[in-house]
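Number of protein chains: 2
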Amino acid sequence: MISGPDEQPPTRVRETASWQLGQAALLCTRLLREGFAAVDSSGYHYRLLATLEEFGPASQAVLGRRNGIDPSDVVAQINELAQLGHVQREPDPEDRRRNVITITRSGTRQLRKLEKALDGVQRTLTAPLTAGERRELVRLLTRLNDHHHRKH
Amino acid sequence: MISGPDEQPPTRVRETASWQLGQAALLCTRLLREGFAAVDSSGYHYRLLATLEEFGPASQAVLGRRNGIDPSDVVAQINELAQLGHVQREPDPEDRRRNVITITRSGTRQLRKLEKALDGVQRTLTAPLTAGERRELVRLLTRLNDHHHRKH
DNA sequence: TACCTACATTGGTCCGACCAACGGTTACGA
DNA sequence: TCGTAACCGTTGGTCGGACCAATGTAGGTA
């Protein structure tokens, strides 16, 4: 976003849910990128590490499906995480098509850092809202997402 | 988004405002792209045409600032719109740095189509919400955006 | 056995946001 | 009035995130 405070887009644009949603998301991704970059990671890294910690070791395929990440992108991200030592990749003895990805101690340490960064972003993002409004916003967005998600 | 309904991301991810916001925005941009593509245009086209209709002829610079579009991107979009005949580009006699962009009759006709498409997207997007909830969502997002916008 | 499916991987595409640099033009201050 | 700063349009990029097609390998099953 480059526009100054004075020069506004047309009213009919400003009033749409889609415009406000897009602007908020833009702001959000910028905050996330900055926050995660400060600890030398990305949103992908966070999501993958968090998934590994919550659900335990998993194949790349399920990591991708759980997070809505394309398998080919999972490859790249796991490459990075493996090289950083945050994750271990080894072939699954029970199914030689799969890799088993396991989070390492270094990985959980990194995850703690990422969570701190993420908390900061949430607070910055929702700063102008009361706690109740923040919950309401999440509730509405969740309803919206769930609805459009169910019907594949 | 590729994940099925069953395989969910970690709870701590799902509960963040940033994740829900990102998912909703993803869904939204997909709907917008489809809706606008159906009338052979893009979101850029809509925003520029709407700005021209609401505020009258303008230079590319103010078009860009009003909509938060980079000047270089404005060039490309105005090229497209001019070639389609939706817009007229002529040098400003009073300031030879500027171009004056004017919407044509064909442009306003196209704008009507785009507005129809956009309305459909809004309805689809906010289908699971009541009218009150929809307004509340827009209100919260607007507050959020305005807040982060004022402080440059 | 033959066939269909799943997995990981390579090598792309597309789009929106953004940046740097430049020539031409105008505004402004010394 | 002259020099410089600021502005405008334009070119030619980068970057990240989402996505897709094709392939080799391995499993499941008729």
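Those sequence lines, one after another, are chains R and L.
Residue numbers for the first sequence, in my numbering: 1040 to 1191.
Residue numbers for the second sequence, in my numbering: 1040 to 1191.
A virtual CB, placed ideally from N, CA and C, is assigned to each residue, including glycine.
Item	Value
Could you tell me whether the segment 1157-1164 of chain L touches the segment 1066-1077 of chain L, where touching means 3 or more Cβ pairs closer than 8 Å?	yes
With DSSP run on the structure shown, which of helix, strand or coil describes residue 1128(L)?	strand
For residue 1139(R), write down the residues that DSSP places opposite it in a beta bridge.	1129(R)
List the endpoints of the continuous alpha helix (DSSP H) containing residue 1055(R).	Counting along the chain, residue 1055(R) falls outside any alpha helix (DSSP H), and DSSP gives it neither H nor E.
Out of 1122(R), 1141(R) and 1123(R), point me to the one whose CA is closest to residue 1131(R)'s CA.	1141(R)
Going along the chain, which residues of its own chain have a beta-carbon closer than 8 Å to the beta-carbon of residue 1173(R), five neighbours each way excluded?	1165
On the premise that residue 1156(R) lies in contact with residue 1074(R), defined as a C-beta separation below 8 Å, what is that separation, rounded to the nearest angstrom?	4 Å
Does any residue of chain L bring its CB to less than 8 Å from the CB of residue 1077(R)?	no
Can we say the segment 1114-1121 of chain L touches the segment 1079-1091 of chain L, given the rule of at least three CB pairs closer than 8 Å?	yes
Any C-beta of chain L sitting closer than 8 Å to the C-beta of residue 1187(R)?	yes
Does the beta carbon of residue 1061(L) come closer than 8 Å to any beta carbon on chain R?	yes
Excluding the 5 residues preceding and the 5 following residue 1109(L) in the sequence, name in chain order all residues of the same chain whose CB lies nearer than 7 Å to its CB.	1103
Smallest Cα separation from residue 1152(L): which of 1135(L), 1089(L), 1049(L) and 1054(L)?	1089(L)
Is residue 1176(R) closer than 8 Å to residue 1179(L) when the C-beta atoms are compared?	yes
Report all residues from its chain with a CB closer than 7 Å to the CB of residue 1096(L); omit the five preceding and five following residues, and keep chain order.	1139, 1140 and 1141
Can you give the Cα-Cα distance for residue 1059(L) and residue 1183(L), rounded to whole angstroms?	15 Å
Taking the alpha-carbon positions, what's the residue 1168(L) to residue 1057(L) distance?	20 Å
Can you name, in chain order, every residue of its own chain whose Cβ lies under 7 Å from the Cβ of residue 1054(L), other than the five neighbours on each side?	none
Is the Cβ of residue 1175(R) closer than 8 Å to any Cβ of chain L?	yes
Reducing DSSP to helix, strand and coil, say where residue 1097(L) ends up.	strand
Quick one: what does DSSP say residue 1116(L) is sitting in, helix, strand or coil?	helix
Below 9 Å between beta carbons is the criterion; list the residues of the segment 1064-1090 of chain R that meet it against any residue of chain L, in chain order.	1064, 1065, 1066, 1067, 1068, 1070, 1071, 1082, 1085, 1086, 1089 and 1090
Going by C-alpha distance, which of 1158(R), 1147(R), 1160(R) and 1061(R) is nearest residue 1092(R)?	1147(R)
Straight-line CA distance for residue 1185(R) to residue 1105(R)?	15 Å
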